[in-house]
Amino acid sequence: MMSLKTKTPWMTGAVVAVAAVTVACAQPTQQRVSPKLHPNLAAAQDHVQQAYDRLNDAQFANHHDLGGHAKRAKQLLAEANAEIKAAAIAANNR
29 MMSLKTKTPW MTGAVVAVAA VTVACAQPTQ QRVSPKLHPN LAAAQDHVQQ
79 AYDRLNDAQF ANHHDLGGHA KRAKQLLAEA NAEIKAAAIA ANNR
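Just remember that my numbering sits 28 ahead of the position in the sequence shown, which is counted from 1.
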């Protein structure tokens, strides 16, 4: 049986890891599209961020018990954001 002294570092490490993942996942739109160059793509990126934020709210409200579907939706939103950024780069290179 683990003592409290043995459990504490492990639990602290687990809490820190969860917090780091939460912070890393909180912002899918880290590579922003310029609203001046691509207003429609920037607006789409804003909508992706809003959807991501609402999924975070839903996960919190449901104690993260959404059958993995919110997590998958967030992954897809991150992919959508990457495609929006790629579209802006493609438009810049034509």
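For glycine and all other residues, C-beta sits at the position ideal for the given N, C-alpha and C.
Source: prediction; values computed, not measured.
The count of Cβ pairs closer than 8 Å, one atom from the stretch 96 to 104 and one from the stretch 62 to 76, stays below three, leaving the stretches out of contact.
In the DSSP assignment, P63 falls outside any alpha helix (DSSP H) and carries neither an H nor an E.
Just measuring C-alpha positions, the residue of Q58, A119, A118 sitting nearest Y80 is Q58. Across the set A89, N109, H92, the C-alpha of N109 shows the shortest separation from the C-alpha of Q78. Here I112 is buried: its Cβ has 16 or more other Cβ atoms, across all protein chains shown, within 10 Å.
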